[in-house]
Amino acid sequence: MLSIIIVFSSLFIVSLAGWTLSTFVTNDDSQKVIKEELQNIFEITKMLLLSIKSLIQILTNASFLSKSEGSTANKPTGVDEQLLKIVPPISDSQENKAA
């Protein structure tokens with residue numbers, strides 16, 4: 000049953016692509032509209048893939064945090080530690096000068 004659905008979906012996509020191409024080539028009036036619609040489809044597909052990527056990142060972060068939450072609950076993240084190493088500490092005399 001699943002293979003029939005895949006075959007019909009593939010046949011529909013190929014037919015639609017062929018129909019679009021033949022209309023694009025034969026009708027000069029429709030070329031601008033077809034270009035706009037294809038650009039819209041491309042942008043929507045790009046946004047969908049970015050949303051899926053973001054969803055996967057959120058899910059993996061949530062999964063890893065929930066697994067390691069008990070062992071590293073009080074530890075700062077690696078990024079914070081790296082930033083603290085880059086920035087030199089401020090002495091009391093420097094704080095008084097700034098005020």
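Residue numbers are given in numbering that gives the first Met the number 0: position 90 of the sequence shown equals residue 89, and the series is strictly consecutive.
The beta-carbon is built from N, C-alpha and C at its ideal position, and this holds for glycine as well.
*Distance, Lys45 Cα to Ile4 Cα*: Counting from one through the sequence shown, the residue named residue 4 turns up at place 5. Counting from one through the sequence shown, the residue named residue 45 turns up at place 46. Between Ile4 and Lys45, the C-alpha separation is close to 25 angstroms.
_Residue nearest to Thr19 in terms of C-alpha spacing, selected from Ile33, Val6 and Ser53_ = Taking the sequence shown and counting its residues from 1, one reaches residue 19 at position 20. Checked all of Ile33, Val6 and Ser53; the closest Cα to Thr19 is Ile33.
_Pairwise C-alpha distance: Phe23 and Gly17_ = Counted from its first residue, the sequence shown places residue 17 at position 18. Counted from its first residue, the sequence shown places residue 23 at position 24. Those two C-alpha atoms are separated by around 10 angstroms.
*Please report how far the alpha carbon of Ile57 lies from the alpha carbon of Asn26, in whole angstroms.*
Numbered from 1 along the sequence shown, position 58 holds the residue referred to as residue 57. Numbered from 1 along the sequence shown, position 27 holds the residue referred to as residue 26. Whole-angstrom Cα-Cα distance: 46 angstroms.
_Phe99 versus Ile40: straight-line alpha-carbon distance, rounded_ = Residue 99 is absent from the model: the chain starts at 0 and stops at 98.
*Can you name the start and end residues of the alpha helix (DSSP H) that Ser8 belongs to?*
Position 9 of the sequence shown holds residue 8. Per DSSP, Ser8 belongs to the alpha helix (DSSP H) from Leu1 to Thr25.
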